[in-house]
Amino acid sequence: MKASEAPTIQSPTWNQYRSQVIAAITDVEVLMQQLDKGINSEVLTEEVAERLGIEIDTPDAY
459 MKASEAPTIQ SPTWNQYRSQ VIAAITDVEV LMQQLDKGIN SEVLTEEVAE
509 RLGIEIDTPD AY
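For this note's numbering, count along the sequence shown from 1 and bump the result up by 458.
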């Protein structure tokens, strides 16, 4: 799925999707702490998108 196709707050599946996003963010944060690595918004975005199966455009795509 593309990020633009993700459920929005008006969607009946919003709460489920929101929970999945929160869980993915938590997983990434814990992993980076365990690996003793820093995390920035770009890394967080890419890792969370990968876990959720969301396609995102990165600077490399251009």
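Glycine residues also receive a C-beta, built at the ideal position from the N, C-alpha and C atoms.
Only a predicted model underlies this, so the values are computations on that prediction, with no experimental measurement involved.
With 16 or more other Cβ atoms inside 10 Å of its own Cβ, valine 506 counts as buried.
By the 16-neighbour rule on beta-carbons within 10 angstroms, valine 486 is buried. Boundaries of the alpha helix (DSSP H) around threonine 503: 499-510. Cβ contact annotation for glutamate 508 (same chain, cutoff 6 Å, sequence separation greater than five): none. Between the C-alpha atoms of tyrosine 475 and valine 488 there is a straight-line separation of about 20 Å.
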